[in-house]
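Chains as they are written, first to last, in the working numbering: chain A, 1 to 122; chain B, 1001 to 1122; chain C, 2001 to 2396; chain D, 3001 to 3396.
To keep things clear, I will list the structure first and then write my remarks on it.
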Amino acid sequence: MYNETVMEHFTNPRNVGEIEDADGIGEVGSPQCGDIMKIFLKVEDNIIKDIKFKTFGCASAIASSSIMTDMVKGKTIEEALALTNKDVVDALGGLPKPKVHCSVLAEEAIRSAIEDYKKKMK
Amino acid sequence: MYNETVMEHFTNPRNVGEIEDADGIGEVGSPQCGDIMKIFLKVEDNIIKDIKFKTFGCASAIASSSIMTDMVKGKTIEEALALTNKDVVDALGGLPKPKVHCSVLAEEAIRSAIEDYKKKMK
Amino acid sequence: MTKRRVYVDNSATTPVHPQVLEEMLPFFNENFGNPSSVHSFGRQAKKAMDKARERVAVALGAKTEEIFFTGSGTEADNWAVKGVALANKDKGNHIITTKIEHHALLHTCEYLEKHGFEVTYLDVDEYGLISLKQLEEAIKDSTILISIMFANNEIGTIQPIGEAARIAKEKEIYFHTDSVQAMGNVKIDVKELGVDLLSISGHKIMGPKGIGVLYIRKGVRLDNLIHGGAQERRRRPGTENVAAVVGMGKAAQLATENLEQHIRDMTSLRDKLINGIYERIPHVKLNGHPTERLANNVNFSFEFIEGEALLLSLDMVGIAASSGSACTSGSLDPSHVLMAIGLSHEIAHGSLRLSLGEINTDEDVEYILEQLPPIVERLRSLSPLFKQCEGGKVSV
Amino acid sequence: MTKRRVYVDNSATTPVHPQVLEEMLPFFNENFGNPSSVHSFGRQAKKAMDKARERVAVALGAKTEEIFFTGSGTEADNWAVKGVALANKDKGNHIITTKIEHHALLHTCEYLEKHGFEVTYLDVDEYGLISLKQLEEAIKDSTILISIMFANNEIGTIQPIGEAARIAKEKEIYFHTDSVQAMGNVKIDVKELGVDLLSISGHKIMGPKGIGVLYIRKGVRLDNLIHGGAQERRRRPGTENVAAVVGMGKAAQLATENLEQHIRDMTSLRDKLINGIYERIPHVKLNGHPTERLANNVNFSFEFIEGEALLLSLDMVGIAASSGSACTSGSLDPSHVLMAIGLSHEIAHGSLRLSLGEINTDEDVEYILEQLPPIVERLRSLSPLFKQCEGGKVSV
Ligand SMILES: Cc1ncc(COP(=O)(O)O)c(C=O)c1O
Ligand SMILES: Cc1ncc(COP(=O)(O)O)c(C=O)c1O
Chain A
1 MYNETVMEHF TNPRNVGEIE DADGIGEVGS PQCGDIMKIF LKVEDNIIKD
51 IKFKTFGCAS AIASSSIMTD MVKGKTIEEA LALTNKDVVD ALGGLPKPKV
101 HCSVLAEEAI RSAIEDYKKK MK
Chain B
1001 MYNETVMEHF TNPRNVGEIE DADGIGEVGS PQCGDIMKIF LKVEDNIIKD
1051 IKFKTFGCAS AIASSSIMTD MVKGKTIEEA LALTNKDVVD ALGGLPKPKV
1101 HCSVLAEEAI RSAIEDYKKK MK
Chain C
2001 MTKRRVYVDN SATTPVHPQV LEEMLPFFNE NFGNPSSVHS FGRQAKKAMD
2051 KARERVAVAL GAKTEEIFFT GSGTEADNWA VKGVALANKD KGNHIITTKI
2101 EHHALLHTCE YLEKHGFEVT YLDVDEYGLI SLKQLEEAIK DSTILISIMF
2151 ANNEIGTIQP IGEAARIAKE KEIYFHTDSV QAMGNVKIDV KELGVDLLSI
2201 SGHKIMGPKG IGVLYIRKGV RLDNLIHGGA QERRRRPGTE NVAAVVGMGK
2251 AAQLATENLE QHIRDMTSLR DKLINGIYER IPHVKLNGHP TERLANNVNF
2301 SFEFIEGEAL LLSLDMVGIA ASSGSACTSG SLDPSHVLMA IGLSHEIAHG
2351 SLRLSLGEIN TDEDVEYILE QLPPIVERLR SLSPLFKQCE GGKVSV
Chain D
3001 MTKRRVYVDN SATTPVHPQV LEEMLPFFNE NFGNPSSVHS FGRQAKKAMD
3051 KARERVAVAL GAKTEEIFFT GSGTEADNWA VKGVALANKD KGNHIITTKI
3101 EHHALLHTCE YLEKHGFEVT YLDVDEYGLI SLKQLEEAIK DSTILISIMF
3151 ANNEIGTIQP IGEAARIAKE KEIYFHTDSV QAMGNVKIDV KELGVDLLSI
3201 SGHKIMGPKG IGVLYIRKGV RLDNLIHGGA QERRRRPGTE NVAAVVGMGK
3251 AAQLATENLE QHIRDMTSLR DKLINGIYER IPHVKLNGHP TERLANNVNF
3301 SFEFIEGEAL LLSLDMVGIA ASSGSACTSG SLDPSHVLMA IGLSHEIAHG
3351 SLRLSLGEIN TDEDVEYILE QLPPIVERLR SLSPLFKQCE GGKVSV
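In structure tokens form, the structure reads like this:
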């Protein structure tokens, strides 16, 4: 069903947790649809210095969260905003068709966290 | 499908053939329905002295003809007329349900031959 | 490393029992004849069919001429419902069933709704039980069929089928029960129950896949679902799947012969599992009825986590189970059964079914009880819905 | 005495090929998982299904997503015809088929006639061939489906399917062909033929019984025949019969890989049998087309005798064959196919089909040619329709 990369990220997800004094927090999804992703950002000089996630959802939701956080860590806010769900799928080496929405959620989650960060900056 | 008695009468039918100077001949059935029985009688003093048959039909038609001719041979005309298809089925030790009509044909065949004999007697 | 494999998904399918397979094997390329053939190859096959039909009849308390083999439990359900509906539409167009039927029943009813039939879907209570009173009230003059599953495939709740059938009989309405999950786990006697139609499936009772049975009480009027040759007394055409029929016969026999012992064994494993999970894992909820429950069914919701992730984690330690989570069904919604008993979406998503079978042992249960708690804990630690409070005690 | 057994009823059913059985065996109680399950047991089963589907697709020249497994050839036929009819009744209610279809097709059409559809049954000529001109003339504005069998199961006549499909395509009418007998005996490529739907059955090509395939060209609109779970991309529910699917895949592969050699072998045996019967037995008639004929089909009428008696006599010497006689079908009329090619009832009753398969040898043919003449002679000697004339020469 899932390839090795997905299973690896599901079994040993990177960046799990919360950031107490986060600069931005994003939460997308809902219990109804069975997926919730919550992202915590620490930003310095427009660069994502630290990122953590918590995800309620299936293996591909957890793996998408994990790889996405890895991909944007150390990147600028603009670079992070340029990340698409396709990038997430590609980095995972592919997802089964019915699971592609999990990668969309990952894209939405990072955007939502950045939005929150920008709002707080104002 | 068929029991041993039926198979035995099908494989080694009694009284096969024709009687050149028959006292009565009966023919029932039609090629349409796949069964024709033809019965030849030799009658003396109201007793069936000899009987032969020819049958176009399935194994149970041939077996019914065979056992029926055996059953009425040596019997009086009245006794032969009293023969029912059930007697034929019983003597054969049973026939599959869709094949019971073959025993009916045997009953009809002997009746038809006796009728012909009676007509000729008049 | 030889990984331990513990299969506790017996409600999804079972392995074929060795004795069943043994009886099936000669029918693939030794006694391979077509039962409709006149010759010896055909007669051998026919004889095997007759024996199997007799065994199924005995297992269900039916007459042999009331047993019809189909290609699956699903086909048996479809045939019963569509067959009765189409053959009796002069009498009425109303069907009563429940909200927790298998999709084989539900989607068939929905299809009939598109074609002029009216369907009432009975509610169930929080344990998955229908109300006989509601059933009685749902009956109209136009009701031609009541179809209520014997036991639910997800939560294992057993319905009062005898009583429901009695209500149907009083009103002269045909009564069908999907007994695919009940068979082999509950005593079934069609005459005692008073049902008109009953479906079972081979692969749920250690028989082969691709074979089902529809019991049709003599005299019940129903259309064919499939048209063609003269097989199954012209009611279910198609060259008979002799090997599978033979397997079904043997499986039905085994399921009935050993029923009492099987129920005792399964109940003991089940209760050990239920109690063990309650003891070891907080924030869990047993789904289904506490007592009116299949001897082999365990269904828990684990709060804060999602079922597919749970299944995959279990799979990695060799445990094969199933879940009512949407992610495992390919649809967006979680199981309609869990929703019907009133679970919230998120609780429904976190459900786990462990369905036991003859192949399971005490060691299997112990292994599960050992592996499950840390897996649940790990997934909860990933979940934003779950917060560890100070002092290490868990709470929401 | 070890009696010789010669099975020449391969059009009724075939033994499962040893290589097919070998591939099936692990799926009964080792890899017994339900392909819909998330865990490793399920994934193994799913993988086996995918491989089998790929093999069938390759065998038919189709895409994998155009291959749907059913519970029999009959079910595939029913699904194609009812499915297209019900899904397209907004466009029209007229179906064209032939008088010599299998009952799976004919009885389905008759059922649809009772439900508001109109069916034209095309005639065939004395060899069993349809007329393309008659087909074209039968088309109306309301025609939504043309279903013509690829090769006939009784007399082996092969229809010009490519041409017929072309006519259908020009008029934008769906085209289905029942290829249950053609498969494995004729080259089939759905794209080259240009058909929209095509049915095959496992047990006619040394695969298992209880499995069929419906090829559905992408884009064809048809209703489900069976409703339920999400299997077969929601189009044919019911837990997948994994072992049988695997068997079907292997059988389809073998049937296609060895097709040319198989056709050569069968043709040689067939012609030896046909010529041998003509040489040895008077008053016989070959039924079906002399050249447009399945490589494995021999069908003779023996005047003055009845088929079942012939079959049983052959059976007693170990030869397994079949007949179009009414007595062997459980109905009162002889085969509708033999009637459609213009045989009289009595000639039709005396028909014998010898259908060859991979298991047959030259010695089998010689044995038949040795055993058949005295049997025919004996039965003729019992027949009132047959009279021996003086000098020993036979005549009517
Ligand atoms: C031409 C044809 N169509 C359909 C069928 C039905 O196939 P099955 O018996 O596998 O359902 C058969 C064989 O019985 C056949 O010969
Ligand atoms: C209650 C119930 N009914 C019907 C079915 C359908 O049976 P099958 O998959 O054999 O068609 C199942 C199992 O899938 C079931 O659990």
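A virtual CB, placed ideally from N, CA and C, is assigned to each residue, including glycine.
In this text, all values refer to a predicted model and were calculated from it rather than measured experimentally.
query, result
"Span separating the alpha-carbon of V2186(C) from that of F2117(C)", "32 Å"
"Distance cut-off 8 Å: T3074(D) Cβ against heavy atoms of ligand 1", "yes"
"beta-carbon N3010(D) near ligand 1 non-hydrogen atom, thresh 8 Å", "no"
"Buried or exposed by the 16-neighbour rule on C-beta atoms within 10 Å, applied to M121(A)", "exposed"
"Identity of the residue in E2136(C), G2228(C), L2193(C) nearest R2217(C) by Cα", "L2193(C)"
"Assigned exposure category for T84(A) - 16 Cβ within 10 Å defines buried", "exposed"
"Nearest-angstrom Cα separation, counted from S3381(D) out to G3392(D)", "Per-residue confidence for G3392(D) stands at a pLDDT of 42, beneath the threshold of 50, marking its modelled position as unreliable; the derived number appears in the next sentence. Each residue's alpha carbon lies about 12 Å from the other."
"Proximal chain C residues relative to I3375(D), where beta-carbon distance stays under 8 Å", "Neighbours of I3375(D) on chain C: none; closest Cβ ~13 Å, over 8 Å."
"Candidates F3302(D), L3254(D), L3352(D), of which the one nearest S2951(D) by Cα", "This structure leaves residue 2951(D) out entirely; chain D is present only between 3001 and 3396."
"Span of the alpha helix (DSSP H), counted from its first residue to its last, around M2183(C)", "That residue, M2183(C), is in no alpha helix (DSSP H); it is neither H nor E in DSSP."
"Interface residues of chain D facing G1094(B) [CB-CB closer than 7 Å]", "The premise fails here: G1094(B) is roughly 17 Å from chain D at the closest Cβ pair, so nothing lies under 7 Å."
"Distance between G1074(B) and K1118(B) (C-alpha atoms, nearest Å)", "17 Å"
"Cβ-based neighbour list, Y3007(D), same chain, cut-off 7 Å, excluding 5 preceding and 5 following", "A3320, I3359"
"Same chain, Cβ closer than 6 Å to G2276(C), neighbours up to 5 away in sequence not counted", "L2369"
"6 Å Cβ shell around V3394(D) - same chain, five flanking residues per side excluded", "Summary for V3394(D): the model assigns pLDDT 46, below 50, so the residue's position carries little reliability; its value from the coordinates is reported in the next sentence. The answer, listed in chain order, is P3282."
"9 Å Cβ cutoff, N3152(D) in contact with chain C", "no"
"Whether H2402(C) touches T3143(D) by CB criterion (9 Å)", "Outside the shown range of chain C (2001 to 2396) lies residue 2402(C), about which nothing can therefore be said."
"L2343(C) - DSSP class collapsed to helix/strand/coil", "coil"
"Pick from F2304(C), L2021(C), N2029(C) that is closest to K2285(C), judged by C-alpha positions", "F2304(C)"
"In DSSP terms, what H3017(D) is bridged to", "Bridge partners of H3017(D): none, in fact."
"Any C-beta of chain C under 9 Å from that of S3323(D)", "yes"
"Partner residues on chain C for L3312(D), Cβ-Cβ distance less than 7 Å", "V2038"
"Through-space distance from S60(A) to N3(A), alpha-carbon basis", "10 Å"
"Sub-9 Å separation of K3082(D) and L3112(D) beta-carbons", "yes"
"Residues of the region 2335-2357 of chain C whose Cβ lies closer than 8 Å to any Cβ of chain A, in chain order", "S2344, H2345, E2346, H2349"
"Q2159(C) CB to nearest heavy atom of ligand 2 below 8 Å", "no"
"Interface flag, A2320(C) vs chain A, CB-CB below 9 Å", "no"
"For Y3269(D), the three-state DSSP class (helix, strand or coil)", "Looking at the sequence provided, one finds Leu at residue 3269(D) rather than Tyr. Here L3269(D) sits in helix by DSSP."
"Contact under 9 Å by Cβ, I2205(C) with L2269(C)", "no"
"Closer than 9 Å to chain D by CB, F2028(C)", "yes"
"Per-residue burial, D3364(D) [other beta carbons within 10 Å of its own, 16 or more giving buried]", "buried"
"Neighbour flag for V2365(C) against chain D, beta carbons, 9 Å", "no"
"Contact set between P3384(D) and chain B, taken where Cβ atoms lie within less than 9 Å", "E1018, E1027, I1036, M1037, K1038, F1053, K1054, T1055, F1056"
"Segment contact flag, the region 3147-3156 of chain D with the region 3170-3181 of chain D, C-beta cutoff 8 Å, min 3 pairs", "yes"
"S2322(C) versus H2103(C) - alpha carbon distance", "17 Å"
"Proximal residues to R2221(C) (C-beta, below 7 Å), its chain only, five neighbours per side dropped", "A2087, N2088"
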